[in-house]
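This report refers to the structure that appears directly beneath it.
There are 2 protein chains.
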Amino acid sequence: MAGKRTRVKRLPKRGHYDRQTIDAILDEALVCHIGFEAEGQPYVIPSLHARVGDVLYLHGSSASRMLRRLGEGVPCCVTVTLVDGVVLARAVFDQSVNYRSVVVLGTAQPVADPDEKLAALEALTEQLVPGRWADTRPPTRQELKATAILALPLDEASAKIRTGPPGNAPEDAEDYAGTWTGVLPITQVVGAPVPAPDLPKGVKVPQALADYGRRFAR
Amino acid sequence: MAGKRTRVKRLPKRGHYDRQTIDAILDEALVCHIGFEAEGQPYVIPSLHARVGDVLYLHGSSASRMLRRLGEGVPCCVTVTLVDGVVLARAVFDQSVNYRSVVVLGTAQPVADPDEKLAALEALTEQLVPGRWADTRPPTRQELKATAILALPLDEASAKIRTGPPGNAPEDAEDYAGTWTGVLPITQVVGAPVPAPDLPKGVKVPQALADYGRRFAR
Chain A
20 MAGKRTRVKR
30 LPKRGHYDRQ
40 TIDAILDEAL
50 VCHIGFEAEG
60 QPYVIPSLHA
70 RVGDVLYLHG
80 SSASRMLRRL
90 GEGVPCCVTV
100 TLVDGVVLAR
110 AVFDQSVNYR
120 SVVVLGTAQP
130 VADPDEKLAA
140 LEALTEQLVP
150 GRWADTRPPT
160 RQELKATAIL
170 ALPLDEASAK
180 IRTGPPGNAP
190 EDAEDYAGTW
200 TGVLPITQVV
210 GAPVPAPDLP
220 KGVKVPQALA
230 DYGRRFAR
Chain B
20 MAGKRTRVKR
30 LPKRGHYDRQ
40 TIDAILDEAL
50 VCHIGFEAEG
60 QPYVIPSLHA
70 RVGDVLYLHG
80 SSASRMLRRL
90 GEGVPCCVTV
100 TLVDGVVLAR
110 AVFDQSVNYR
120 SVVVLGTAQP
130 VADPDEKLAA
140 LEALTEQLVP
150 GRWADTRPPT
160 RQELKATAIL
170 ALPLDEASAK
180 IRTGPPGNAP
190 EDAEDYAGTW
200 TGVLPITQVV
210 GAPVPAPDLP
220 KGVKVPQALA
230 DYGRRFAR
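Keeping their order, the protein sequence lines are chains A and B. Read left to right, the first sequence gives residues 20 to 237 (this note's numbering). Read left to right, the second sequence gives residues 20 to 237 (this note's numbering).
Encoded structure:
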């Protein structure tokens with residue numbers, strides 16, 4: 020799974036290379052950050068993603084500079100990060116953050132086949148809200164043409180995870196005995212759905228939306 | 020503020036270039052994503068950051084490959100993204116996400132001056148939890164040496180923001196009148212502080228931590 024380039028070197032205990040761990044983080048995250056280079060300058064752009072088996076799908080406007088550049092076959096890096104808490108130690112040096120992140124390296128291929136494009140869009144839609152595909156109008160031929168889909172194989176990927184309490188040095192226990200130390204948990208939560216101005220009266224919030232909050236509950 | 024490279028080309032209405040908008044997003048975000056290139060491969064690594072005036076400070080272990088590479092003066096990109104909601108339209112093509120993001124391009128300089136290093140560490144600590152610096156043990160000379168601080172000037176930066184309801188096409192109102200459409204708000208919230216196993220009994224949660232949740236409240 021992980022090549023030399025994705026091996027976690029700093030704090031190697033935090034590195035994970037099994038697909039179960041990697042997939043769970045990719046699937047939970049709503050946004051990813053795509054890194055690529057253009058004219059000698061690296062760019063990092065937030066984007067949506069969806070995993071189908073061994074492939075991470077990315078999408079955007081066919082007119083997007085990023086999608087066009089990625090489609091040329093330049094190396095890219097897609098990173099996903101979930102922040103779980105602020106780790107408050109007694110010493111500034113020991114402070115940290117609990118997180119789960121995945122780094123995928125590779126080259127994304129443009130998807131030309133209309134069936135695979137449609138399947139990727141279904142996955143991207145379901146990634147936003149499970150069950151949403153069935154409720155929405157599928158893309159027209161024109162819309163499909165205006166949408167670029169890229170497939171990035173999960174060949175070279177790794178996860179990095181920090182969990183648990185702060186690693187306080189025993190020496191600090193005395194002088195800083197009065198300093199509160201522990202973890203401040205951070206969670207992404209979903210609020211009550213806000214209807215669009217053009218939503219007709221009487222249209223109920225579907226169960227998938229009402230239940231959505233559970234997805235991020237840990 | 021924004022050069023040609025940070026001008027938002029796709030959906031230019033979403034682009035913002037004033038420092039007030041840019042700073043507010045940088046200051047609210049807990050993590051950033053740092054993009055850089057090494058041996059022809061772009062990397063995107065999650066990290067902590069803190070803004071002091073016109074400078075974005077990054078830090079890490081002096082032994083970190085990323086910090087060493089950035090310190091060589093290679094171009095980098097630091098991106099910060101806050102996700103505010105899932106935008107559910109009637110058509111798959113019109114679905115979106117409400118977000119606020121900032122992209123900073125430039126070259127980071129290693130900070131050698133011990134006073135500036137200490138001030139940057141204070142800002143990074145306060146960025147995690149306001150008021151935390153006063154409660155924690157400052158870094159020793161050894162710890163300062165083991166910590167690399169980089170300064171990235173906010174010379175070339177832009178923000179991209181999407182807010183508001185879905186942009187439904189009027190044509191979809193009839194056939195998909197029964198589809199719920201609107202926004203599912205997403206917020207980062209802070210849970211009850213979890214004490215470290217070595218926290219002595221009787222140490223109270225400081226007010227700054229108890230009030231912390233407000234920071235993300237919108």
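The beta carbon of each residue, even a glycine, is placed where N, CA and C say it ideally should be. On a predicted model such as this, the values are computed, not experimentally measured, just so you know.
- Bridge partners of Glu-175 (chain B) according to DSSP: B:Leu-124.
- Pairwise C-beta distances place the region 198-215 of chain B in contact with the region 202-213 of chain A, as three or more of them are shorter than 8 Å.
- Annotated as proximal: Ala-108 (chain B) and Thr-200 (chain B), with beta-carbon spacing under 7 Å.
- Under the 8 Å Cβ criterion, the region 40-51 of chain A does not count as touching the region 185-196 of chain A, having fewer than three qualifying pairs.
- In this structure the region 69-76 of chain B does not touch the region 215-222 of chain B; the number of beta carbon pairs closer than 8 Å is below three.
- Between the C-alpha atoms of Ile-168 (chain B) and Gly-54 (chain A) there is a straight-line separation of about 22 Å.
- Under the DSSP definition of a beta bridge, Gly-79 (chain B) partners with B:Ala-167.
- The beta carbon of Ala-139 (chain B) is closer than 8 Å to those of Ala-69, Val-71, Tyr-76, His-78, Val-130, Ile-168 and Ala-170 in its chain, skipping five residues each way along the sequence.
- Proximity of chain A to His-52 (chain B) at the Cβ level (cut-off 9 Å) is accounted for by His-52, Gly-54, Val-63, Pro-65, Thr-98 and Thr-100, in chain order.
- Annotation: the region 62-118 of chain A contains the following complete segments of the beta strand (DSSP E) (minimum length 3 residues), in chain order: 68-71, 74-80 and 94-107.
- Rounded to the nearest angstrom, the Cβ distance from Ile-64 (chain A) to Thr-126 (chain B) is 19 Å, too far for a contact under 8 Å.
- At a C-beta separation below 9 Å, Thr-206 (chain B) has these neighbours in chain A: Gln-207, Val-208, Val-209 and Gly-210.
- Inter-segment contact for the region 110-126 of chain A and the region 147-165 of chain B is present: three or more beta-carbon pairs are separated by less than 8 Å.
- Here Val-122 (chain A) is not near Leu-49 (chain B), since their CB atoms are 7 Å or more apart.
- A check of alpha carbon separations from Gly-22 (chain B) across B:Arg-33, B:Cys-95, B:Tyr-118 and B:Leu-124 identifies B:Leu-124 as the nearest.
- Per DSSP, Ala-57 (chain A) lies in no alpha helix (DSSP H); the unbroken beta strand (DSSP E) holding it starts and ends at 51-57.
- Between the C-alpha atoms of Ala-176 (chain A) and Pro-61 (chain A) there is a straight-line separation of about 20 Å.
- If you draw a straight line from the Cα of Glu-56 (chain A) to the Cα of Gln-226 (chain A), it comes to about 42 Å.
- Under the Cβ criterion of 7 Å, Gln-60 (chain A) is counted among the residues facing chain B.
- Between the C-alpha atoms of His-52 (chain B) and Leu-163 (chain A) there is a straight-line separation of about 30 Å.
- In this structure, Ser-81 (chain A) sits near Ala-165 (chain A), with a CB-CB distance shorter than 7 Å.
- By the rule that beta-carbons nearer than 7 Å mark a contact, Ser-177 (chain A) does not touch chain B.
- Approximately 12 Å separates the beta-carbon atoms of Val-224 (chain A) and Gly-197 (chain B); this is outside 8 Å, ruling out the contact.
- Bounds of any alpha helix (DSSP H) do not take in Pro-31 (chain B), whose DSSP letter is neither H nor E.
- Beta-bridge partners of Thr-206 (chain A) (DSSP): B:Val-208.
- Only residues of its own chain outside the window of five on either side were considered, and among them Ala-227, Leu-228 and Tyr-231 have a CB closer than 8 Å to the CB of Val-148 (chain A), listed in chain order.
- Between the alpha carbons of Pro-172 (chain B) and Lys-28 (chain B) lies a gap of roughly 23 Å.
- Only Leu-67, Gly-79, Ser-80, Ala-82, Ser-83, Arg-84 and Met-85 from the region 67-87 of chain A bring a Cβ to less than 9 Å from some Cβ of chain B.
- Contact between Leu-67 (chain B) and Val-116 (chain A) holds: CB atoms are separated by about 7 Å, below the 8 Å threshold.
- Between Leu-89 (chain A) and Cys-95 (chain A), the beta carbon gap of about 6 Å places them in contact (Cβ cut-off 8 Å).
- The criterion of a C-beta distance shorter than 7 Å is satisfied by Arg-33 (chain B) and Ile-180 (chain B).
- Distance from the CA of Pro-185 (chain B) to the CA of Tyr-195 (chain A), rounded to the nearest whole angstrom, comes to 51 Å.
- Secondary structure at Pro-133 (chain A): helix, using DSSP grouped into helix, strand and coil.
- In the DSSP assignment, Gln-60 (chain A) forms a beta bridge with A:Ala-57.
- Not one beta carbon of chain A lies nearer than 7 Å to the beta carbon of Gly-125 (chain B).
- For the C-beta of Val-148 (chain A), the chain B residues within less than 8 Å are, from N- to C-terminus, Val-105, Leu-107 and Leu-203.
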